[in-house]
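There are 2 protein chains.
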Amino acid sequence: MSVNENLSVHGLIVQLPLDSINRIDTELITNAVSPDKDVDGLSCINAGKLSRGDLNDCFIPCTPNGCMELIRQTGVSVAGKHGVVIGRSKIVGAPMHDLLLWNHATVTTCHSKTPDLPEQVGRADILVVGAGRAEMVRGEWVKEGAVVIDCGINHVPDETKASGKRVVGDVHYASANQRAGFITPVPGGVGPMTVAMLMENTVQSAQRFLLRSQSHR
Amino acid sequence: MSVNENLSVHGLIVQLPLDSINRIDTELITNAVSPDKDVDGLSCINAGKLSRGDLNDCFIPCTPNGCMELIRQTGVSVAGKHGVVIGRSKIVGAPMHDLLLWNHATVTTCHSKTPDLPEQVGRADILVVGAGRAEMVRGEWVKEGAVVIDCGINHVPDETKASGKRVVGDVHYASANQRAGFITPVPGGVGPMTVAMLMENTVQSAQRFLLRSQSHR
Chain Y
1 MSVNENLSVH GLIVQLPLDS INRIDTELIT NAVSPDKDVD GLSCINAGKL SRGDLNDCFI
61 PCTPNGCMEL IRQTGVSVAG KHGVVIGRSK IVGAPMHDLL LWNHATVTTC HSKTPDLPEQ
121 VGRADILVVG AGRAEMVRGE WVKEGAVVID CGINHVPDET KASGKRVVGD VHYASANQRA
181 GFITPVPGGV GPMTVAMLME NTVQSAQRFL LRSQSHR
Chain F
1 MSVNENLSVH GLIVQLPLDS INRIDTELIT NAVSPDKDVD GLSCINAGKL SRGDLNDCFI
61 PCTPNGCMEL IRQTGVSVAG KHGVVIGRSK IVGAPMHDLL LWNHATVTTC HSKTPDLPEQ
121 VGRADILVVG AGRAEMVRGE WVKEGAVVID CGINHVPDET KASGKRVVGD VHYASANQRA
181 GFITPVPGGV GPMTVAMLME NTVQSAQRFL LRSQSHR
């Protein structure tokens, strides 16, 4: 692709989801992006590097990268903690597991087939939820003092709103806020970080291109 | 490389470890193997596919693939179980996590920075150990009836042997055998499966090449 070859372009993303009606092969398209310009971090090569801990040699997907930045901002150290991730998607759960693991947390991944979610959540020092189910995680499940990061964006009916609906996360905020040491709201928590991390990845990409071009002189 | 392009060759592996004295870049060499012939499953692309659950479109590293086959042979279903993996290496821990997860277990990855290993092990319905520390996992940690898969190969001093040493796993077999429902010995457990899986991956590769060549006619 010409954009892959254009040296003045440092980042290239595929706006997902692709039209599912025409059965576009999403994997084929996302992997057509040069790994050097894959600032969304969604190509197989970048996912493989991340899964093996090569954090400085890949692009980290923006949402989990933003979650890590939020966790860092709490001042809570990740190493030696128990991290629990709910969800195993390519853009949230799977890379979030990798990031927590390679920042030296012990990590448990939960998903729709996990039979004892409340118990698993109760063991989390750091909880990241990307399940796509409105207010699924209840406050009483949360460990006292835990860091709770909510990646959910769900629309639920609300007759008090002009639109007839409102946005909630995957965590029941009001009750979880009673127990968590730190918690992100929805909206306004993880969402804005995702955009910021896309910019950061793009700047990082430009720096890498510049360094490579200098070393080739 | 000519071997990558030779259509009569369906599998190509790099014998690891590479000579560390000459600082050979192992990543560079393993990723030079065509993903289509990477029957060790060690390239970034295959690792990325596995980490995202594309199990039928990748080569699965041989040791964890053999572990999964051993687990299947017990008749214990993986879905909904709690799997615990000790170790996060490229050839055992990381891909084992992916395999258990995408066979729908809830999975916890432990490692050298895990502070409460006995408690984590005690929650495992399925325990896979690839830590490289002789007899580190004690029988009293193991959940009653658990499936215990030991990938460790450690040489310990033994004056009763002519060689002055013997091979043990990462699990203290005698005590763990008292509690486990199923347990693999060392030597003779996982080891022979690894070789078998390398053969299976190579046959699978040949089949894929054949199917592709037929579909191109």
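Listed in order, the protein sequences are those of chains Y and F.
If you count the first sequence from 1, position 16 lands on 16 in my numbering, and the numbers rise without skipping.
If you count the second sequence from 1, position 190 lands on 190 in my numbering, and the numbers rise without skipping.
Virtual Cβ for every residue (Gly too), placed ideally from N, Cα, C.
Neighbours of HIS155 (chain F) in chain Y, taken as residues at a C-beta separation under 9 Å, are lacking, since the least C-beta distance is about 27 Å. Remark: C-beta atoms of ILE153 (chain Y) and VAL167 (chain Y) approach each other more closely than 8 Å. For THR26 (chain F), no Cβ of chain Y is located within less than 8 Å of the residue's own Cβ. Buried is the label assigned to ASP38 (chain F), since at least 16 other Cβ atoms lie within 10 Å of its Cβ. Close to chain F, meaning a Cβ-Cβ distance shorter than 9 Å, are the following residues of the region 48-65 of chain Y: GLY48, LYS49, LEU50, SER51, ARG52, GLY53, ASP54, ASP57, CYS58. Between VAL107 (chain Y) and chain F, the shortest Cβ-Cβ separation is below 8 Å.
Put simply, the CB of PRO115 (chain Y) is near chain F, with a gap under 8 Å to one of its CB atoms. Chain-ordered, the chain F residues with CB closer than 9 Å to the CB of LEU101 (chain Y) read ARG88, ALA94, HIS97, THR109, HIS111. Interface annotation, ILE45 (chain F): in contact with chain Y, CB-CB separation under 8 Å. PHE59 (chain Y) and LYS90 (chain Y) have their C-alpha atoms roughly 13 Å apart. When beta bridges are read from the DSSP output, LYS161 (chain F) appears opposite no residue. Between HIS172 (chain F) and GLU144 (chain F), the gap from beta carbon to beta carbon reaches 8 Å or more. Our two residues, LEU7 (chain Y) and GLY139 (chain Y), have alpha carbons roughly 50 Å apart in a direct line. Leaving aside the five residues that flank VAL121 (chain Y) on each side, the residues in its chain whose CB is nearer than 7 Å to its CB run, in chain order, VAL84, LEU127, VAL137, TRP141, VAL142. For the 8 Å CB-CB criterion, ASP125 (chain Y) and HIS82 (chain Y) form a contact. Under the Cβ distance rule, GLY145 (chain F) does not count among the residues neighbouring chain Y, no pair being separated by less than 8 Å. A straight line joining the alpha-carbon of GLN214 (chain F) with that of THR30 (chain F) spans about 29 Å. Between LYS165 (chain F) and ARG133 (chain F), the alpha-carbon positions lie close to 15 Å from each other. Residue state for ASP25 (chain F) is assigned as coil, using DSSP reduced to three classes. With a minimum length of 4 residues, the unbroken runs of alpha helix (DSSP H) contained wholly in the region 67-135 of chain Y fall at 93-102, 117-122. Here SER77 (chain Y) is exposed: its Cβ has fewer than 16 other Cβ atoms, across all protein chains shown, within 10 Å.
Listed along chain F are LYS113, each with a C-beta nearer than 9 Å to that of ALA79 (chain Y).
Interface criterion met: the Cβ of HIS104 (chain F) is under 8 Å from a Cβ in chain Y.
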